[in-house]
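Chains as they are written, first to last, in this note's numbering: chain R, 1 to 335; chain E, 1 to 277.
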């Protein structure tokens, strides 16, 4: 015997949290996009329909915000006082995440914790419960199955919901936290959820890694790098890209040191004070992003720094994104 | 909350102008507990900050034997260092560190030491020179070849003169052709060339070479001619960093994170890395 939850109960759950003053994050329509956002009302939560696949952003900003204070300071002449940051670590619920978003978190846990534990990330991670909805469809940009993830992957989720149709979801609890959240909100069910279907496998990540480790210099980088506009949308909408900058914000007399998102696609990202730039042109910067995801991170932490969500493919204004490049490599066009 | 990004506060105890755009600064911890607990290895770096302007990464260029202070040296080139330039004795700045791996001074014991430096790369050599002089019996002969574009760009000139007075220490200073003054008594030429023609009588030396990429590139063939193994040649990479703790994603050379696994590495290690520095 297993359990199911209705859409009505799911929205009620969101509504209860919102009215309790707690943050609920979920997909909602913002202008002409569906984005993960802090919901004002459970009614705006998008659960499907109209060919909806997944949001154009990721859930990472609820663990690693676009900008956040690392600490505040007050300067009075030579007297400097360091103060706690105005950071928010309150309990939050992410509802209707996709498996490719949730699965990014166990990947990111490594970089935020090797030797030096980043408590800004860790505290939000501990304070968050994630209810994921498995994917019933995939588009041309989806490639989770090529990076070892699937349409109902439980990694990073506290519970996975599988669509039964008619606004009902079969519940697959993953963690104790997930089970507790849904306790009393589900009903017994004998139904089996229709089989989820992921995208067909588009490349072999082991073969890609072997290629990358041996082709630091290759024509493919120039070909792809040339058309990149260095806008950074691939990195900003990526569930796993985590590069950041640290800057001072506000007037010198009393403000904060702030962490902001950054990307290896920006020209000054690696530029030395002398003017020397190890990655002085866009091809080298494109190469870095691909290498970091498919070779460097796996070497360091044993995991691919990509969940195959396809955001970089869908959002790229010039039709790049990692998938195009990797399928070219896969099909041996550059071997 | 444990906060890996929060700096310690340090009071500026001395500022020296080294050149028209380079200054060195000495600091002491405001918190006595922190001062007592602090230690580092020569070759490690810190992240120094001026509140209201931001953070910058510099080598800790004092000897690890000096317990009353740490020092760093910077060139005025951007927003943070412009603000740093205005810092005076008594002012308070931020410090995080020490980060990275320092020079393996234990491995260097018993060897002659050759230091090759260019321009603003003197500070990360200076800390090792002082350390070696303070532990003199542990090391063989010391050779220092230091060059800058012009006479006015040489830093720590007084200390170079002081080191030259020590026994078993030879100091050669040089400037690029055209960078000399009428009364210049040092060599004229680039560091690799000056080093080659000096015919230093070092036996099985350890070499530390730090400078602009072009200087390092041109020094390697000279070292090869002298049959010095790349495993005995060290450098310190100076990649741009923000966090210093392996997270912000910009200092890596291939899979080598300079902040955590460097900045010090041997030429043998460097040769295995992609040309991304």
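Note that beta-carbon positions come from the ideal geometry of N, C-alpha and C, so glycine has one too.
- The C-beta of residue 54 of chain E comes closer than 7 Å to at least one C-beta of chain R.
- Residue 10 of chain E is bridged by DSSP to E:29, E:93.
- When 7 Å is used as the limit between beta carbons, residue 247 of chain R is near these residues of chain E: 54, in chain order.
- About 20 Å separates the beta carbon of residue 70 of chain E from that of residue 115 of chain E, a gap too long to meet the 8 Å contact definition.
- When the Cα atoms are used, residue 263 of chain R and residue 114 of chain R turn out to be separated by approximately 21 Å.
- For residue 51 of chain E, the nearest CB of chain R lies under 7 Å from its own CB, placing it at the interface with that chain.
- Within the same chain, Cβ atoms closer than 6 Å to the Cβ of residue 330 of chain R are found at 203, the five residues on either side in sequence being excluded.
- Within the same chain, and ignoring the five residues on either side of residue 35 of chain E in sequence, the residues whose Cβ sits closer than 7 Å to its Cβ are 28, 29.
- Comparing C-alpha distances from residue 11 of chain E to each of E:96, E:18, E:92, E:77 shows the shortest one belongs to E:92.
- In the DSSP assignment, residue 169 of chain R forms a beta bridge with R:5, R:163.
- Within the stretch 150-207 of chain E, the runs of beta strand (DSSP E) at least 3 residues long that lie entirely inside it are, in chain order, 169-175.
- DSSP places residue 36 of chain R in the strand class (E or B) of the three-state scheme.
- Assignment of residue 47 of chain E by DSSP, reduced to helix, strand and coil, places it in the strand class.
- Boundaries of the beta strand (DSSP E) around residue 248 of chain R: 244-249.
- Residue 76 of chain E is outside the set of residues whose beta carbon lies under 7 Å from a beta carbon in chain R.
- The Cβ of residue 307 of chain R sits no closer than 7 Å to any Cβ of chain E.
- Judged by DSSP secondary structure, residue 57 of chain E falls within the beta strand (DSSP E) whose first and last residues are 54-59.
- Less than 7 Å separates the beta-carbon of residue 181 of chain R from that of residue 129 of chain R.
- DSSP places residue 248 of chain E outside both helix and strand once states are collapsed to three, so it counts as coil.
- Using beta-carbon distances, residue 242 of chain E counts as an interface residue toward chain R, with a partner under 7 Å.
- The criterion of a C-beta distance shorter than 7 Å is satisfied by residue 119 of chain R and residue 2 of chain E.
- Taking 7 Å as the threshold, the shortest C-beta distance from residue 75 of chain R to chain E falls below it.
- One finds 117, 119 in chain R with Cβ atoms closer than 8 Å to the Cβ of residue 2 of chain E, taken in chain order.
- With contacts defined by Cβ atoms closer than 7 Å, residue 46 of chain E and residue 98 of chain E form a contacting pair.
- Apart from the 5 residues on each side of it in sequence, residue 191 of chain R sits with its Cβ closer than 6 Å to the Cβ of 164 in its chain, given in chain order.
- Contact with chain E is found for residue 269 of chain R, since one of that chain's Cβ atoms lies less than 7 Å from the residue's Cβ.
- In its chain, beyond the 5 residues on either side, 239, 240, 241, 242 have a beta carbon closer than 8 Å to the beta carbon of residue 250 of chain E.
- For residue 261 of chain R, the three-state secondary structure derived from DSSP is strand.
- The residue among R:223, R:250, R:311, R:210 with its C-alpha nearest the C-alpha of residue 295 of chain R is R:210.
- Excluding five sequence positions before and after residue 110 of chain E, the CB atoms of its chain that fall closer than 8 Å to its own CB belong to 138, 139, 140, given in chain order.
- Short of 6 Å from the beta carbon of residue 43 of chain E, and not among the five residues preceding or following it, lie these beta carbons of its own chain, in chain order: 102, 103, 264.
- If you look at residue 68 of chain R, you'll find it isn't in any alpha helix (DSSP H); it sits in the beta strand (DSSP E) that goes 67-76.
- Residue 113 of chain E is bridged by DSSP to E:142, E:206.
- Taking 7 Å as the cut-off, the Cβ atoms of residue 131 of chain R and residue 90 of chain R do not count as close.
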